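Enquirer: Just so you know, we're using the numbering used here here: the sequence shown kicks off at 1 and counts up by one.
Below is a structure I'd like to ask you about.
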Amino acid sequence: MGGRSALLKVDGRPVFVKEVPLTERERLPEHTRSTANLFGIPAFCQYGVGSGSGFGAWREVGVHTMTTN
Numbered sequence: 001m002g003g004r005s006a007l008l009k010v011d012g013r014p015v016f017v018k019e020v021p022l023t024e025r026e027r028l029p030e031h032t033r034s035t036a037n038l039f040g041i042p043a044f045c046q047y048g049v050g051s052g053s054g055f056g057a058w059r060e061v062g063v064h065t066m067t068t069n
């Protein structure tokens, strides 16, 4: 869906890396790795709709962590 990405090697294995920009609110220490709806976006909206970050970049990180684990 656009954005920047890269392919890195970790222990000799290729790893896809997606850059997800953080808003100022997401950068606050109390919101680090928070998957809360920090922007009050309605549940029917997707990432990138509304205030720009949808439910937040940390939610994107969280879902990728869950699928990787």
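Don't be surprised by glycine CBs; every beta carbon is placed ideally from N, CA and C.
Note that the coordinates shown come from a computational prediction; the quantities given were computed from them, not determined experimentally.
Quick one: what's got a C-beta closer than 6 Å to residue 59's C-beta in the same chain, skipping five residues either side?
Expert: For residue 59, where only same-chain residues beyond five positions count, the Cβ hits under 6 Å are 35.
Enquirer: Alpha carbon to alpha carbon, what distance is there between residue 6 and residue 32?
Expert: Near 23 Å, if we compare the C-alpha coordinates of residue 6 and residue 32.
Enquirer: Could you tell me how far apart the beta carbons of residue 71 and residue 44 are, in whole angstroms, since I believe they sit closer than 8 Å?
Expert: As displayed, the chain neither begins before 1 nor continues past 69, which places residue 71 out of reach and without an answer.
Enquirer: Alpha carbons only, please: which of 20, 42, 12 is nearest the one belonging to residue 64?
Expert: Closest by alpha carbon: 20.
Enquirer: With burial defined as no fewer than 16 other Cβ atoms inside 10 Å of the residue's Cβ, what is the status of residue 24: buried or exposed?
Expert: Label assigned to residue 24: exposed.
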